[in-house]
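What follows is a set of notes on a single structure, which appears directly below.
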Amino acid sequence: MPYPPRHIQPPRRRSRLKRRIKIWIARIIFFLLLLLALVGLYHLAGIFFTNFFLEAQAQSGESTAWIEEDTPDQESIVVAIDPGHGGSDHGSEGIYFYEDEMTWRTANLLLEMMEQDGRFEPFLTITQAQWEDESTREKPSERADLIQNQQTDLLLSIHGNSDYSPDTYGFECFPVPPGLAYHEESQRFAEIIAGLFGQDGQKLRGNNGVRYLYYDENDNKLLVESGSLQLSGSPTFTLLEDSGCPAVLSEQCFITNAGDVDRYGDEDGCQRAAEIYYQAICEYFGLDTLV
Ligand SMILES: [Zn+2]
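Position one of the sequence shown corresponds to residue 1360 (my numbering), numbered consecutively onward.
Okay, here's the thing in C-alpha cells:
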C-alpha cells in the first residue's frame, strides 16, 4: 500500500497553526480595545476634574485666573507725598525756619523710606527744581491734577502749623471731610496718623487730633471736630477735594513753638515724623513695616 505524499501536511498540524493565528488576532484586538478604553477614561477624567475645579472656584467666588499661566504681578501701591508749599510760596514763618523747609525735608525722608521698602510706588508732587524756583509755585489744583493722572492710591500732604502765640502746640490733621468722595478711607488714615503721634507722646488737638476744614462763601476757614456732620459737603482744601483718592493733610507741628519744633520740626524731628507717616501708611494698607 502506498504512503501518502510527504508534502501534504497532516490535518492535525494545520489546525494547530490556525488556532495560533486566531489567538494572536484575539490578543491584538484585546490590546487595541484596552488602549481605546484607556484613552477614553483619560479624557473623561480630564473633563470631570476641570468641571469640578471650575465649580469649586465659582462657588468660592474666586477668579479662574489660575488657568492662565502668566498672571501679571500684583501692582505696587501708588502713594503721593505732597511737600506743602515750595517755590515762591514759603508757607508760614516759624521761629527757626519757613514752613516749606520742614515739609520738603520730611517729604524726602518719607520718600526714601518708602522706596527702600519696595512695595510702594511713592512720588513727590513737586520736583526739586520747582521747590527751588522762586519765580513761581505749583498751585494745589496743579498738584491735584498730577495726583489724579498717576492713579494714586493714597495722598499725604505735609504742612507745618503756626499761631500768633508761641505757646500754641500739638498735632492735628485733616482728612477729606464728610459729604465728599473718599471721606471714610481718609478718616481712617487720619485716625491712624493722629493715633501714632499720640502714642509718641504728642498732644492731639481737638477731640483726637482729627478735624475737618471747610471754606464758607467768603473763603473764611471753618473748623469742625472729627465725627461731626456740621457743614458736611462744603468745600475743603482743593488738594483734598480734587486729588481723586483718599487723602489727609497733616499739620506736623507748630513751627512757632519751640517744643514742637524740637519734637517734629528740626532735623531729628523730621526724621521722627517721617517714620510715623511711614508706619501709618503701612498700617493703612494692612502691611507690616519693613524699614
Ligand atoms: Zn501749610
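Cβ coordinates follow ideal geometry from the N, Cα and C atoms, glycine included. The model shown is predicted, which means the values in this text are computed figures rather than measured ones.
Residue i: CB within 7 Å of a non-hydrogen atom of ligand 1
i       : result
GLY1519 : yes
HIS1449 : no
GLY1443 : yes
GLU1531 : no
GLU1471 : no
GLU1497 : no
GLU1452 : no
GLU1458 : yes
Residue i versus residue j - alpha carbon distance
i       : j       : result
TYR1643 : CYS1612 : 22 Å
TYR1573 : LYS1580 : 6 Å
LEU1599 : HIS1542 : 10 Å
ARG1622 : GLY1628 : 5 Å
GLY1445 : GLN1475 : 25 Å
THR1615 : ASP1522 : 6 Å
PHE1556 : LEU1588 : 25 Å
GLY1538 : SER1494 : 37 Å
ASP1578 : THR1595 : 10 Å
ARG1478 : GLU1576 : 42 Å
THR1484 : GLY1554 : 25 Å
SER1609 : VAL1569 : 9 Å
ASP1512 : GLY1645 : 14 Å
GLN1416 : ILE1382 : With a pLDDT of only 45 at GLN1416, under 50, the local geometry of the prediction cannot be trusted, and the value read off the model is given with reservation. When rounded, the distance between both Cα atoms is 51 Å.
LEU1505 : THR1462 : 19 Å
PRO1529 : ASP1625 : The sequence as given places Gly at residue 1529; Pro does not occur at that position. Their Cα atoms are separated by approximately 15 Å.
TYR1457 : VAL1620 : 12 Å
HIS1449 : THR1527 : 21 Å
ILE1552 : PRO1534 : 11 Å
GLY1618 : GLN1507 : 37 Å
ASN1566 : GLU1501 : 33 Å
CYS1532 : VAL1607 : 7 Å
GLY1560 : SER1516 : 22 Å
ALA1424 : ARG1464 : For ALA1424, the predicted structure reports a pLDDT of 38, less than 50, and the residue's modelled location is therefore unreliable. The matter cannot be settled from this model.
CYS1641 : LEU1563 : 21 Å
ALA1439 : GLY1453 : 25 Å
LEU1649 : GLU1434 : 18 Å
Interface flag, residue i vs chain D, CB-CB below 8 Å
i       : result
LYS1562 : No chain D appears in the structure shown, which is made up of a single protein chain.
On the three-pair Cβ rule with 8 Å, is the region 1627–1639 touching the region 1456–1476?
-> Judged by Cβ distances under 8 Å, the region 1627–1639 makes contact with the region 1456–1476, as three or more pairs qualify.
Is it a yes or a no for the region 1518–1536 touching the region 1485–1499, going by three-plus beta-carbon pairs under 8 Å?
-> Touching, no.
Beta strand (DSSP E) runs wholly inside the region 1481–1542, at least 3 long, in chain order = Here the runs fully enclosed are 1513–1520, 1531–1534.
Length-filtered (3 minimum) beta strand (DSSP E) runs lying within the region 1538–1597 | Listed in chain order, the complete beta strand (DSSP E) runs (minimum 3 residues) inside the region 1538–1597 are 1570–1574, 1580–1584.
Within the region 1595–1644, note down every full beta strand (DSSP E) run reaching 3 residues or more, in order along the chain.
-> Qualifying beta strand (DSSP E) stretches, in chain order: 1606–1613.
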